[in-house]
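Novice: If you read the protein sequences in the order shown, they are chains A and B. Whatever position you read off the first sequence (first residue = 1), add 1333 for our numbering. Whatever position you read off the second sequence (first residue = 1), add 42 for our numbering. Beta carbons are placed, not taken as given, at the ideal position from N, Cα and C, and that holds for glycine. Bear in mind that the values here come from a model prediction, so they are computed numbers and not experimental data. I have a structure I would like to understand better, so I am pasting it below and will then ask my questions one at a time.
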Amino acid sequence: MPVIEVENLTKYYGKTRALDDVDLTVEDGEIFGFIGPNGAGKTTTLRILLGLLRKNAGEVSVLGADPWRDAVALHRRLAYVPGDVNLWPHLTGGEVIDLLARLRGGFDQSRRDELVKRFELDPTRRCSTYSKGNRQKVVLIAALASDVELFILDEPTSGLDPLMEAVFRECVAEFKRAGKTVLLSSHILSEVQALCDRISIIKEGRIVETGTLTELRHLTRTSVSVETGRPVTGLSTLPGVYNLTVDRAHTRFSVDADAINSVMQYLTQFDIRALTSTLPTLEDLFLRHYELQAGAATG
Amino acid sequence: MKTKAYAGTGALIRLILRRDWLLLLMCVVLPALIAVVTAAGFNQLFPTAASLQAFASGVASSPAESAPLGPIYAPTLGGITAWRWSGFNALLVGLGSMLFVIRHTRTEEEAGRLELLDSSVVGRQAVLSASLVVTLGANVVIAALVAGGLIAYGLPVAGSVALGLSVAAVGWTFAAIAGVTAQLTESAGAAKGIAAAILALCYLLFVVGGISAYNGLAWLSPIGLMRLIQPFAGERWWIFALFIGPVIVFTVAAFALSTRRDMGAGVLRPRPGPASASPSLRSPLALAWRLHRSTLLAWAAGFVLYGAVLGGVAKTAANQFTASPQLAQLLAKLGGSAGLSDSFLTFAMSIICEIAVIYAIMAILQMQAEETKARLDPVLATSVSRLRWTTSYVLLAALGTAVVLAAFGMSAGLAYGLSTGNVGYELPRVLAATLAYLPAIWVLAGIAVALYGLIPRFTFLSWGALLGVILIELFGTILKVNQSILNISPFTHVPQVLVGEVSFMPLIWLSVVAFILIVTGLIGFQRRSIG
């Protein structure tokens, strides 16, 4: 049975349609990525899943319960990290961690202390003196210290430095091993790629793509920049190569994920000196998605 | 280098004026308005020189009356107006100047908006200098309006100008002090707290200097100096020179401190707090209490003070009023034929309880602050139900109001009993009379709960309800108003225990109305989206 099931979810803010027939299924033990640009409807969806917002239409079930009606019982079994973190200025970080975890229904003290150490948080400082990253750590620790089945995380790494992001990724990997379910919203594709089993892409309130990373490979075209001993010739004839520019020893192009292997083999004959490849950004991904749609419509 | 630090001051001044012109306008007009109304009020109450003289000697013979405001230097309309007006307006303008400076310096810095400005072509000192320029300028306008208003009313020119300038001098001093405190702490709240404590200390020095043998103390306080200028009583202009030193010293200190610290940091480092929460911090009620307790303490302390002063002066005030037939008549109308001091206390109590409504509404609307600042989401995402969360705040507001009223009632009863020599008799009556207002205040708090639960955009209407109560009270005593209009106000139905009305029925049904309003709000909150 899926942990989260959303069908035809629609939400209006006044006359603006924030969510339009959203479907979402998160299976038990899955790390699920929910990506989309700012304002696409990620936070709105998550807040409906928590029973904080009323839906206008559709079916929503979380851990088998209706989040609007059974919020209290449901919330004992999940932990939430909000995207926009504001804390009580006069309380210390340590107090907020304890308070939130206790309100959820208890936590493991040693796990909490371990997380404080791993995230290098000074719990004695007042929340008013924390930076955005530190406030993020406070709610993250409060959530991660709870022994729950489901984690709903709304852009949990915004404001964290790369080292702390790595700590967060370790924690998610631990959850995966422990068989817990994580719904992770993000606008950073690389983060989702590193962590998630399956992803859904949301844009302007609509789910545009859903699947495993392999299934979405057709969207993830890699950009390659290569320096070679001899000028590259004939690359444009290979399938799966796009946007090719050759400037003597310097060649740039993008390549479909399933064509990488053959292209690399072809390039070796030109004596590769240096090579960098970058994952597509979310914007590239959307461009690609619309290109494919336009192609499907005309062809 | 030197001038670069102030680059952009002009643009920032325009920004401040653009953001706060309405607030500034209201703050600048208010002292002049109060001055003219005070003068007009005294003119009506005491139209003859003899009655003014009688009033002044009444005040002089009652230390409880002259302590909080200082002595009357001349028994003329100007002299008495200056006496009545100065203390309150010094606090008003002093506090306003401080809050305004901090609002545009530390508050902006704490919110992170200054970083945006400072990274553009704005010098390091521009924000501080713009805030000070606007505040000092506003005080000059206050002085001009006060002087102009009183001259237009017909008071002597020299005294009017001196009075206007005296309050501006106080405003300048506290603006400069706030410039310093804004540098000290990282949080705007703490900066305001330090500034308010300094203001309270200055007021205390003035009061103690007035009633004790150490009358030199008043010279140490800007508020004391303000009265020592003696407007309308042979103005001592040279005292203005004494303000110049502190204003310059504090301004220079503020600029010096502001160059010696980092953006966002304070001169005082914040103290670390507990690394983990106390075992009791485990419920929404405990959280609400933690967030609310210092507010409640401050209100209770203030109401103890009000009670002591009003209870203490009730007896002498009554004697004074017999000298003024108009006032005696007014009080008799309010309090019936009972003793004048009981009438006075009843009247004072109704005003105090209207002030207590402010506390009750603010305590309720703390919920809205939690919601709009997005601090509610993480709480409601735990196993805390909406009902449990809202009832915590409502309970705290309801009980807090009882505490605040009891603080006033007990202290007023004690002080009044001490002055009449019969504490055992007065204390329970005064306390009961004060607590009788509780259900009426709950009704207004209930309106706030209902609005918050059903239509949170319109919670400001709860302040409108309070305004309605005040207006009905005000016009109901002066004009002939139809009883059905008076009946709209819950305060109309409160039995005035001190003047012999004892009935429980209105208390019961006021409580029922409050309860229905609260339940409506709680149900509404169950059904609506958060944020």
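For PHE275 of chain B, which of B:THR123, B:PHE130, B:PHE389 and B:ILE55 has the nearest alpha-carbon?
Specialist: Going by the sequence as given, residue 275 of chain B is Ala instead of Phe. The shortest C-alpha separation from ALA275 of chain B is found at B:THR123.
Novice: Report yes if the C-beta distance between VAL203 of chain B and ILE193 of chain B is below 9 angstroms; otherwise report no.
Specialist: Taking 9 angstroms as the Cβ cut-off, VAL203 of chain B and ILE193 of chain B qualify as a contacting pair.
Novice: Does the count of Cβ pairs from the region 1614-1626 of chain A and the region 1594-1605 of chain A closer than 8 angstroms reach three?
Specialist: At 8 angstroms Cβ cutoff, the stretches do not touch.
Novice: Does DSSP classify ARG1459 of chain A as helix, strand or coil?
Specialist: Note: ARG1459 of chain A maps to strand in three-state DSSP.
Novice: Please report whether the beta-carbon of LYS234 of chain B lies at a distance below 9 angstroms from any beta-carbon of chain A.
Specialist: No, LYS234 of chain B lies away from the interface with chain A (no Cβ there is under 9 angstroms from its Cβ).
Novice: How many angstroms separate the CA atom of GLU1447 of chain A from the CA atom of LEU329 of chain B?
Specialist: Rounded to the nearest angstrom, the two C-alpha atoms are 25 angstroms apart.
Novice: DSSP on VAL1559 of chain A, reduced to helix/strand/coil?
Specialist: Looking at VAL1559 of chain A - three-state DSSP - the assignment turns out to be strand.
Novice: List, in chain order, every chain B residue whose beta-carbon is nearer than 8 angstroms to that of PRO1415 of chain A.
Specialist: Within 8 angstroms Cβ-Cβ: ALA416, ASP419, PRO420 and ALA423.
Novice: Out of A:GLU1340, A:THR1349, A:TRP1421 and A:LEU1473, point me to the one whose CA is closest to VAL1393 of chain A's CA.
Specialist: Closest by alpha carbon: A:GLU1340.
Novice: Do you know offhand how far VAL1336 of chain A's Cα is from GLU1482 of chain A's?
Specialist: About 9 angstroms.
Novice: Which first and last residues belong to the beta strand (DSSP E) in which ASN1576 of chain A is found?
Specialist: Taken as a continuous stretch (DSSP letters only), the beta strand (DSSP E) holding ASN1576 of chain A covers 1574-1580.
Novice: Let me know the secondary structure DSSP gives ASP1617 of chain A once reduced to three states.
Specialist: The answer is helix: DSSP assigns ASP1617 of chain A an H, G or I state.
Novice: May I ask which residues mark the beginning and end of the beta strand (DSSP E) holding PHE1365 of chain A?
Specialist: From DSSP, the beta strand (DSSP E) with PHE1365 of chain A extends over 1364-1368.
Novice: Along the chain, where does the beta strand (DSSP E) containing TYR435 of chain B start, and where does it finish?
Specialist: Counting along the chain, TYR435 of chain B falls outside any beta strand (DSSP E), though it belongs to the alpha helix (DSSP H) covering 428-462.
Novice: Compare the Cα-Cα distances from ASP1480 of chain A to each of A:PHE1452, A:ARG1435, A:GLU1488 and A:GLY1466 and report the closest residue.
Specialist: The residue with the shortest Cα to Cα distance from ASP1480 of chain A is A:ARG1435.
Novice: Considering only residues of the region 514-559 of chain B, which uninterrupted alpha helix (DSSP H) runs meet the minimum length of 4 residues and lie entirely inside it, listed in chain order?
Specialist: Correct list: 525-528.
Novice: Are there 16 or more other CB atoms within 10 angstroms of the CB of ALA1627 of chain A, so buried, or fewer, so exposed?
Specialist: So ALA1627 of chain A counts as exposed.
Novice: List in chain order: all unbroken beta strand (DSSP E) runs of 3+ residues lying wholly within the region 1394-1423 of chain A.
Specialist: If we require 3 residues or more, the beta strand (DSSP E) runs fully inside the region 1394-1423 of chain A come out as 1411-1414.
Novice: Just confirm the distance between the C-beta atoms of ALA507 of chain B and LEU486 of chain B, as a whole number of angstroms; I'd bet it's less than 8 angstroms.
Specialist: Confirmed, about 6 angstroms.
Novice: Exposed or buried, MET140 of chain B, counting other C-beta atoms within 10 Å across all chains shown (16 or more means buried)?
Specialist: By the neighbour-count rule (16 or more Cβ atoms within 10 Å), MET140 of chain B is buried.
Novice: Are there 16 or more other CB atoms within 10 angstroms of the CB of ASP1431 of chain A, so buried, or fewer, so exposed?
Specialist: The residue in question, ASP1431 of chain A, is buried, as its Cβ has 16 or more Cβ neighbours within 10 Å.
Novice: Touch check for the region 1582-1594 of chain A and the region 1558-1572 of chain A: three-plus C-beta pairs under 8 angstroms?
Specialist: Touching, per the Cβ criterion.
Novice: So the candidates are A:THR1490, A:PHE1452, A:LYS1513 and A:VAL1541; which of them puts its Cα closest to the Cα of SER1523 of chain A?
Specialist: Answer by Cα proximity: A:THR1490.
Novice: Would you mind stating whether HIS1520 of chain A and GLU1488 of chain A have Cβ atoms separated by less than 9 angstroms?
Specialist: In this structure, GLU1488 of chain A lies closer than 9 angstroms to HIS1520 of chain A by Cβ.
Novice: Please compile the residues from chain A whose C-beta is within a distance smaller than 8 angstroms of the C-beta of SER228 of chain B.
Specialist: The sequence given here has Glu at residue 228 of chain B, not Ser. Within chain A, the residues near GLU228 of chain B are SER1461 and THR1462.
Novice: Rounding to the nearest angstrom, what Cα-Cα distance links ILE55 of chain B and TRP280 of chain B in this structure?
Specialist: So the two alpha carbons sit approximately 32 angstroms from each other.
Novice: Tell me, to the nearest whole angstrom, how far the beta carbon of PHE282 of chain B is from that of TRP214 of chain B; I am working on the premise that it is less than 8 angstroms.
Specialist: The pair is not a contact, with the Cβ atoms about 10 angstroms apart (cut-off 8 angstroms).
Novice: Taking C-alpha atoms, which residue in A:LEU1342, A:ASP1361, A:VAL1355 and A:LEU1352 lies nearest to MET1334 of chain A?
Specialist: Taking only the C-alpha atoms, the option nearest MET1334 of chain A is A:ASP1361.
Novice: Determine, for ARG1444 of chain A, whether the minimum Cβ-Cβ distance to residues of chain B falls below 9 angstroms.
Specialist: With 9 angstroms as the cut-off, ARG1444 of chain A does not count as an interface residue toward chain B.
Novice: Considering Cα atoms alone, identify which of A:ASP1356, A:LEU1352, A:ARG1458 and A:THR1358 is closest to ARG1634 of chain A.
Specialist: Residue 1634 of chain A cannot be examined here, being either before or after the span of chain A that is shown, 1334 to 1632.
Novice: How close, in whole Å, do the beta carbons of LEU1382 of chain A and VAL1395 of chain A come, if the pair is a contact with beta carbons under 8 angstroms?
Specialist: Right, the Cβ-Cβ distance comes to about 6 angstroms (below 8 angstroms), so this counts as a contact.
Novice: For the region 1384-1407 of chain A, which residues have a beta carbon sitting closer than 9 angstroms to at least one beta carbon of chain B?
Specialist: Within the region 1384-1407 of chain A, the residues whose Cβ lies closer than 9 angstroms to some Cβ of chain B are GLY1384, LEU1385, LEU1386, ARG1387, ALA1404, VAL1405, ALA1406 and LEU1407, listed in chain order.
Novice: Strictly below 7 angstroms CB to CB, what residues from chain A border VAL426 of chain B?
Specialist: Per Cβ cutoff of 7 angstroms: LEU1436.
Novice: Need the endpoints of the beta strand (DSSP E) that ASP1353 of chain A sits in, please.
Specialist: From DSSP, the beta strand (DSSP E) with ASP1353 of chain A extends over 1349-1359.
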